[in-house]
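Asks: One structure, pasted below without further comment.
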Amino acid sequence: MVLGKGASSSLSMNKVDGAEEMVDNSNNFTVLVADDDPLIQKLHEMHLKKFGLKVQVVENGKKAVDLCHFGATFNLILIDKEMPVMDGAEATKELQAMGVNSLIVGVTSRDSPYEKQAFMEAGLDYCFEKPLTADKINFLLQELNKNN
Amino acid sequence: MERNPMGRQLAIMRQSLFDQGYLDEQFIQLEELQDDANPNFVEEVVTLYYRDSARLILNIEQALERKPFDFNKLDDYMHQFKGSSSSIGAKKVKAESTLFREYCKSGNGEGCTRTFQQLKKEYATLRKKLEAYFQMARQAGPMETACRPK
Numbered sequence: 001m002v003l004g005k006g007a008s009s010s011l012s013m014n015k016v017d018g019a020e021e022m023v024d025n026s027n028n029f030t031v032l033v034a035d036d037d038p039l040i041q042k043l044h045e046m047h048l049k050k051f052g053l054k055v056q057v058v059e060n061g062k063k064a065v066d067l068c069h070f071g072a073t074f075n076l077i078l079i080d081k082e083m084p085v086m087d088g089a090e091a092t093k094e095l096q097a098m099g100v101n102s103l104i105v106g107v108t109s110r111d112s113p114y115e116k117q118a119f120m121e122a123g124l125d126y127c128f129e130k131p132l133t134a135d136k137i138n139f140l141l142q143e144l145n146k147n148n
Numbered sequence: 149m150e151r152n153p154m155g156r157q158l159a160i161m162r163q164s165l166f167d168q169g170y171l172d173e174q175f176i177q178l179e180e181l182q183d184d185a186n187p188n189f190v191e192e193v194v195t196l197y198y199r200d201s202a203r204l205i206l207n208i209e210q211a212l213e214r215k216p217f218d219f220n221k222l223d224d225y226m227h228q229f230k231g232s233s234s235s236i237g238a239k240k241v242k243a244e245s246t247l248f249r250e251y252c253k254s255g256n257g258e259g260c261t262r263t264f265q266q267l268k269k270e271y272a273t274l275r276k277k278l279e280a281y282f283q284m285a286r287q288a289g290p291m292e293t294a295c296r297p298k
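In order, the protein sequences belong to chains A and C.
By this note's numbering, the letter at position 81 of the first sequence is numbered 81, and the numbering carries on one by one without gaps.
Take any residue in the second sequence, note its place counting from 1, add 148, and you have its number in this note's numbering.
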């Protein structure tokens, strides 16, 4: 399930069948992945690179905020909710306060609608349940292409 | 398509992991990420899973030894474990994790203890099956495509 700003919770999208139907990434979008789980870091990085995205990985919200504070820019920030040092909600609020011009998407294993909604209210553009899949990335690429 | 008997055996072994409910669609997502540049990606991810989740298993075991149970902490550990298990498509392990969390929410300590024992069995069984599968995969050599379960 995807939650989005102003979107209904029954967002539907065409299911894609692996890499053959991926959206063209000739825009060379950059992605920051913020997650403290090495398994998720590896999975997300691999998934995103398959779509031709340039990926940087950090293990907590503070590092994500610091990168942006020191001038790094990303088209997309994928942010976990629960991380040490600074969690995803707090990092998202800081990133929004800084005015970062990125699509900020929560990727959480929290499955209660209440918890996802609370995470959304921190300022996310969308919130996905883990794990990231090809159709979720396709959806995000479509959004990035729209915005660019 | 498999070119040799070992390839066919490997495909049968793989299919049985899905048919018997050990793995779900997420495992196929991992296979689709594997390519010539990362020929052992699935095995690497599974190895990482078993390495990282061992810590969580230990945390849960230790938490279950402390009375009274801290159900919030137990639920939190299991939430993390469930997330990792979902990421590799460990279907039965994930199911036991879900059940454990339900027992945490209802404050059922006996249910937690019983479910955790079953979870550890499923976790160990899956590990053995995947180790055997990867060993056979190495012997069989590279396969052209992953076969989706019917």
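The beta carbon of each residue, even a glycine, is placed where N, CA and C say it ideally should be.
1. Cα separation between E21 (chain A) and A185 (chain C)?
2. Determine the contact status of F229 (chain C) and L204 (chain C), defining contact as a CB-CB distance below 8 Å.
3. When we look at the beta-carbon of I77 (chain A) and count the other beta-carbons within 10 Å, is it buried (16 or more) or exposed?
4. Give me, in chain order, the residues of the same chain whose beta-carbon lies closer than 8 Å to that of E115 (chain A); leave out the 5 immediate sequence neighbours on both sides.
5. Would you please verify whether the beta carbon of F128 (chain A) is less than 8 Å from any beta carbon of chain C?
6. Alpha carbon to alpha carbon, what distance is there between T263 (chain C) and A72 (chain A)?
7. Taking the straight line between their C-alpha atoms, what separation do you get for I160 (chain C) and C68 (chain A)?
8. Rounded to a whole number of angstroms, what is the C-alpha to C-alpha distance between K136 (chain A) and A238 (chain C)?
9. Could you round the C-beta distance between A288 (chain C) and L158 (chain C) to whole angstroms and report it? I think they count as a contact, below 8 Å.
10. Beta carbon of M83 (chain A), beta carbon of N101 (chain A): below 8 Å?
11. Going along the chain, which residues of its own chain have a beta-carbon closer than 7 Å to the beta-carbon of E143 (chain A), five neighbours each way excluded?
12. Cβ atoms of K50 (chain A) and S235 (chain C): under 8 Å apart, would you say?
13. If we define contact as Cβ-Cβ less than 8 Å, is A89 (chain A) a contact residue for chain C?
14. Does DSSP classify L204 (chain C) as helix, strand or coil?
15. Quick one: Cα of K146 (chain A) to Cα of F74 (chain A), how far?
16. Give me, in chain order, the residues of the same chain whose beta-carbon lies closer than 7 Å to that of E94 (chain A); leave out the 5 immediate sequence neighbours on both sides.
Replies: For this structure:
1. In the first sequence, the residue the question calls residue 21 (chain A) occupies position 21. In the second sequence, the residue the question calls residue 185 (chain C) occupies position 37. Unreliable positioning characterises E21 (chain A) in this predicted model, as indicated by a pLDDT of 45, which lies under 50. A coordinate reading is not provided.
2. The count along the second sequence starts at 1 and reaches residue 229 (chain C) at position 81. The count along the second sequence starts at 1 and reaches residue 204 (chain C) at position 56. Contact: yes.
3. In the first sequence, counting from the first residue as 1, residue 77 (chain A) sits at position 77. Buried, because 16 or more other Cβ atoms sit within 10 Å of the Cβ of I77 (chain A).
4. One-based indexing of the first sequence puts residue 115 (chain A) at position 115. Here E115 (chain A) has K81 and T108 as same chain residues with Cβ atoms under 8 Å from its own Cβ, once five neighbours each way along the sequence are excluded.
5. The count along the first sequence starts at 1 and reaches residue 128 (chain A) at position 128. It does not: the Cβ of F128 (chain A) has no partner Cβ on chain C nearer than 8 Å.
6. Taking the first residue of the first sequence as position 1, residue 72 (chain A) is located at position 72. Taking the first residue of the second sequence as position 1, residue 263 (chain C) is located at position 115. Going from the Cα of A72 (chain A) to the Cα of T263 (chain C) covers about 46 Å.
7. Mapped onto the second sequence, residue 160 (chain C) falls at position 12. Mapped onto the first sequence, residue 68 (chain A) falls at position 68. Each residue's Cα considered, the two are about 49 Å apart.
8. As a working mapping, residue 136 (chain A) is identified with position 136 in the first sequence. As a working mapping, residue 238 (chain C) is identified with position 90 in the second sequence. About 20 Å.
9. Along the second sequence, read from residue 1 onward, the residue named residue 288 (chain C) stands at position 140. Along the second sequence, read from residue 1 onward, the residue named residue 158 (chain C) stands at position 10. The pair is a contact, with the Cβ atoms about 5 Å apart (cut-off 8 Å).
10. Residue mapping note: residue 83 (chain A) aligns to position 83 of the first sequence, counting from 1. Residue mapping note: residue 101 (chain A) aligns to position 101 of the first sequence, counting from 1. For M83 (chain A) and N101 (chain A), no; Cβs fall outside 8 Å.
11. One-based indexing of the first sequence puts residue 143 (chain A) at position 143. Cβ neighbours of E143 (chain A) beyond the five flanking positions: L103.
12. On the second sequence, residue 235 (chain C) is found 87 positions in, with the first residue counted as 1. On the first sequence, residue 50 (chain A) is found 50 positions in, with the first residue counted as 1. Result no, Cβ atoms of S235 (chain C) and K50 (chain A) do not sit closer than 8 Å.
13. If you number the first sequence from 1, residue 89 (chain A) lands on position 89. It does not; no Cβ of chain C falls within 8 Å.
14. Along the second sequence, one-based indexing puts residue 204 (chain C) at 56. Three-state result, L204 (chain C): helix.
15. The residue labelled residue 146 (chain A) in the question sits at position 146 within the first sequence. The residue labelled residue 74 (chain A) in the question sits at position 74 within the first sequence. The straight-line gap from Cα to Cα measures roughly 16 Å.
16. For the purposes of this step, residue 94 (chain A) is taken as the residue at position 94 of the first sequence. So the list reads V65, once near-sequence residues are dropped.
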